[in-house]
Amino acid sequence: MKLSQMLFVTLREEPADAEVRSHALMARAGFIQKLAAGIYVYGPMMWRVLRKIENIVREEHDRAGCLELLMPAVQPRELWQESGRWDRYVQDGILFHFADRKGSEVCLGPTHEEVITTFVKRQIQSYKQMPVTFYQIQTKFRDEIRPRFGLMRGREFIMKDAYSFDPSAEAMKASYERMREVYRAIFRRCGLRFTPVEADSGAIGGSGSEEFMVDADTGEDAIAVCRESGYAANVEKAVSQIAPPPPAPEAIAMHKEPTPGAKSCEDLQRLFPDLPLERMLKTVLYKASFTEREEIVAVMARGDREINEVKLLNFLDALNVELADEQTVRQATGAEPGFAGPIGLADHVRLLADASVEGVQGFLCGGNETDTHYLDVWFDRDLPQPPSHDFGLVQDGDLSEDGQGRLSITRGIEVGHIFQLGTKYSEAMSAQFQDEDGKNKAIWMGCYGIGVSRVAASAIEQNHDANGMIWPLPIAPYSVLLVQMKAGNEDQDRVAQELYDQIQEAGVDVLWDDRVKVSPGAKFKDADLIGIPLRIVIGRDAKDRKVEWKPRVGETEVLTVEGALEKLKVALQEQNS
125 MKLSQMLFVT LREEPADAEV RSHALMARAG FIQKLAAGIY VYGPMMWRVL
175 RKIENIVREE HDRAGCLELL MPAVQPRELW QESGRWDRYV QDGILFHFAD
225 RKGSEVCLGP THEEVITTFV KRQIQSYKQM PVTFYQIQTK FRDEIRPRFG
275 LMRGREFIMK DAYSFDPSAE AMKASYERMR EVYRAIFRRC GLRFTPVEAD
325 SGAIGGSGSE EFMVDADTGE DAIAVCRESG YAANVEKAVS QIAPPPPAPE
375 AIAMHKEPTP GAKSCEDLQR LFPDLPLERM LKTVLYKASF TEREEIVAVM
425 ARGDREINEV KLLNFLDALN VELADEQTVR QATGAEPGFA GPIGLADHVR
475 LLADASVEGV QGFLCGGNET DTHYLDVWFD RDLPQPPSHD FGLVQDGDLS
525 EDGQGRLSIT RGIEVGHIFQ LGTKYSEAMS AQFQDEDGKN KAIWMGCYGI
575 GVSRVAASAI EQNHDANGMI WPLPIAPYSV LLVQMKAGNE DQDRVAQELY
625 DQIQEAGVDV LWDDRVKVSP GAKFKDADLI GIPLRIVIGR DAKDRKVEWK
675 PRVGETEVLT VEGALEKLKV ALQEQNS
């Protein structure tokens with residue numbers, strides 16, 4: 125392709141709403157153009173990147189024996205009600221849904237478990253038809269509350285989703301492991317540095333899942349990693365060993381203390397400097413939403429720990445969990461927010477405790493009275509021990525669960541997520557098969573997602589500099605960029621045309637910057653911005669059939685035309701080896 129034949133426009137300024145480098149650079153280079161919040165036009169170069177990623181995804185799935193299909197984006201409400209997910213997705217506010225002209229409610233698919241389960245239950249009758257895995261590459265729709273980071277969190281995005289079907293739990297796990305290796309191969313071929321981590325299954329459900337995280341400081345997700353043992357998990361899922369509380373003090377009677385304005389543990393430390401945070405127990409109130417009711421839940425935790433709301437949501441099996449508003453807190457405690465405690469809560473409040481409070485005695489807690497706290501409180505003497513569970517958010521420096529090292533918290537971008545669904549959907553939607561004994565059983569399922577557009581953005585987050593993008597060769601919009609310093613110069617025209625023809629004949633995708641009224645300096649700036657990894661510059665030495673081999677990153681060499689072509693051949697072979 126000749127650049128003069130493309131509509132190629134770059135911007136000097138970055139978009140005001142660009143929070144990460146990938147968004148800023150793609151917008152400046154004309155790769156994407158914002159149409160509305162979280163909705164983008166993919167320009168010609170961006171589309172080439174996405175198609176290359178899609179091709180890698182297809183090749184690896186096909187190699188593993190997966191079957192490609194395409195499912196509809198519009199899905200009837202009845203399918204989602206059958207699986208039990210409609211209310212949760214509507215409650216979360218991420219489902220695009222509307223009524224058609226006949227009044228039937230439908231949604232734009234954020235995912236396709238319901239559709240594929242319906243498809244398969246009409247196709248599979250016997251264990252002999254399994255294992256089988258289907259996949260598609262399709263646009264998905266999610267009405268994100270806060271679309272941000274360009275292609276990282278959009279309301280419309282390209283995704284590959286795959287679904288495996290097996291006759292047993294063991295066979296499902298084998299399919300899961302096979303897809304795990306498929307994902308590793310895909311992300312390696314895309315040139316990404318990534319880490320598989322344990323993850324929460326969220327609204328998808330299932331017994332276990334892993335996320336594939338691209339290492340990036342700008343990532344939305346926090347990851348807990350133990351270098352010594354290799355343990356890695358999203359903090360939503362991560363567990364750790366918590367240091368035990370300090371020994372209990374001598375038992376004295378519980379008593380109230382005035383604590384004017386002390387609404388946080390930090391405030392209380394100033395009033396009681398000798399009382400360790402581990403013996404300050406906070407009580408946090410939440411509103412949990414279920415299909416036909418709401419529940420107020422109070423959770424106790426040590427002052428040195430934070431509550432993991434994802435763990436709480438999963439424990440309650442609720443549609444949604446959010447911090448209680450001020451009015452709800454007053455009704456539940458009789459006090460202003462900041463003074464909630466476990467003693468004297470309203471009868472309708474369900475009291476739970478994080479596992480960190482186990483063994484804590486002689487503690488401070490809220491008095492359920494404004495500007496008041498209780499001191500020297502003992503479980504089983506002053507109040508019953510509440511039911512406890514791991515609701516804790518792991519922290520940097522925690523001892524890993526296996527005790528082999530300390531956790532460090534890093535950032536990552538989720539580009540893939542794989543799930544062992546079990547029989548959640550097949551039981552709900554009556555997807556059954558006959559086993560060897562002729563008995564009807566539920567099909568075992570797995571599902572596997574890759575954010576294709578997010579992979580592209582993640583590659584930029586890992587590969588850029590002050591001048592622009594640095595695409596990994598396998599997913600670059602073009603493998604080679606020819607920069608002709610002076611279009612119209614006879615020697616340069618001849619050499620550039622020769623290189624262009626030979627590179628194309630070799631089956632390599634090449635972009636030729638043959639623009640006439642653009643200065644060499646501007647061409648080099650554009651070349652750095654769009655980030656094509658291999659570059660050949662045709663300049664004043666063209667009369668001697670010499671050019672510059674100038675990769676996006678690396679040393680510049682002056683070579684003959686033949687030498688440059690050989691250099692290119694070697695670079696491509698190294699990439700494919």
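The end of the sequence shown is residue 701 by the numbering used here, with every number in the run present. Idealized CB from N, CA, C, for every residue including glycine. All figures in this text were calculated on a predicted structure; none of them were measured in a lab.
For residue 383, the nearest candidate out of 413, 334, 439 and 459 (CA to CA): The shortest C-alpha separation from residue 383 is found at 459.
Short of 6 Å in beta carbon distance, which residues of its chain neighbour residue 439, apart from the five on each side in sequence? Order them along the chain. The residues are 513.
Kindly indicate which three-state DSSP category residue 212 falls into: helix, strand or coil? DSSP places residue 212 in helix when its eight states are reduced to three.
I want to know whether the stretch 553-566 touches the stretch 615-624 - three or more CB-CB distances under 8 Å. With the cut-off at 8 Å, the stretch 553-566 and the stretch 615-624 do not touch.
Within 8 Å, do at least three Cβ pairs link the stretch 490-503 to the stretch 300-320? Pairwise C-beta distances place the stretch 300-320 out of contact with the stretch 490-503, as fewer than three of them are shorter than 8 Å.
CB contact flag (residue 487, residue 553, <8 Å): No. Outside cutoff.
Considering only C-alpha positions, which residue in the set 434, 146 and 178 is nearest to residue 575? The residue among 434, 146 and 178 with its C-alpha nearest the C-alpha of residue 575 is 178.
Does the beta-carbon of residue 429 have 16 or more other beta-carbons within 10 angstroms, so that it is buried, or is it exposed? The residue is buried, with at least 16 neighbouring Cβ atoms inside 10 Å.
Going by the CB atoms, is the gap between residue 578 and residue 275 shorter than 8 Å? Yes, these two residues count as a Cβ contact at 8 Å.
Host beta strand (DSSP E) of residue 521 (start-end): No residue range can be given for residue 521, since it is assigned to no beta strand (DSSP E) and is classified by DSSP as neither H nor E.
What is the DSSP secondary structure of residue 226, reduced to helix, strand or coil? Residue 226 sits in coil when the DSSP states are folded into three classes, being neither helix nor strand.
What separation, rounded to the nearest whole angstrom, lies between the Cα atoms of residue 493 and residue 478? Near 23 Å, if we compare the C-alpha coordinates of residue 478 and residue 493.
Kindly indicate the opening and closing residues of the alpha helix (DSSP H) around residue 179. For residue 179, the uninterrupted alpha helix (DSSP H) run begins and ends at 168-187, by DSSP.
Between which two residues does the beta strand (DSSP E) holding residue 575 run? Counting along the chain, the beta strand (DSSP E) containing residue 575 begins and ends at 568-575.
What residue from 654, 287 and 295 has the CA that sits closest to residue 153's CA? Ranking 654, 287 and 295 by Cα distance to residue 153 puts 654 first.
Please determine, among 272, 240 and 320, the residue with the shortest C-alpha to C-alpha distance to residue 288. The option with the nearest alpha carbon to residue 288 is 240.
Just the C-alpha distance for residue 355 and residue 540, rounded to the nearest angstrom, thanks. C-alpha separation (whole angstroms): 18 Å.
C-alpha gap between residue 375 and residue 485, whole angstroms: Cα to Cα, residue 375 sits roughly 9 Å from residue 485.
Quick one: does the C-beta of residue 144 sit closer than 7 Å to a heavy atom of the ligand MN? You won't find the ligand MN in this model; it holds no ligand whatsoever.
Same chain only: Cβ atoms within 7 Å of residue 475, ignoring 5 sequence neighbours per side: Cβ within range, chain order: 422, 466, 469 and 510.
Residue interval of the alpha helix (DSSP H) (run including residue 627): First-last of the alpha helix (DSSP H) with residue 627: 614-629.
Between the stretch 216-233 and the stretch 290-300, can you find at least three pairs of beta-carbon atoms closer than 8 Å? The stretch 290-300 makes no contact with the stretch 216-233, as fewer than three CB pairs between them are under 8 Å.
First and last residue of the uninterrupted alpha helix (DSSP H) at residue 463: It is not in any alpha helix (DSSP H) - residue 463 carries neither H nor E in the DSSP assignment.
Check whether the stretch 307-327 touches the stretch 533-552, counting contact only when three or more Cβ pairs, one atom from each stretch, lie closer than 8 Å. The stretch 307-327 is in contact with the stretch 533-552.
Give the range of the beta strand (DSSP E) segment to which residue 146 is assigned. Under the DSSP assignment, residue 146 falls outside any beta strand (DSSP E), being part of the alpha helix (DSSP H) whose first and last residues are 145-152.
Pop quiz: residue 582 and residue 348 are said to be a contact at Cβ under 8 Å. What is the actual Cβ separation, rounded to whole angstroms? Residue 582 to residue 348, Cβ: 20 Å. No contact.
Would DSSP call residue 204 helix, strand or coil? Reduced to three states, the DSSP call for residue 204 is helix.
What's the C-alpha gap between residue 377 and residue 490? Cα to Cα, the separation comes out at about 16 Å.
Bridge partners of residue 380, per DSSP? Per DSSP, 498.
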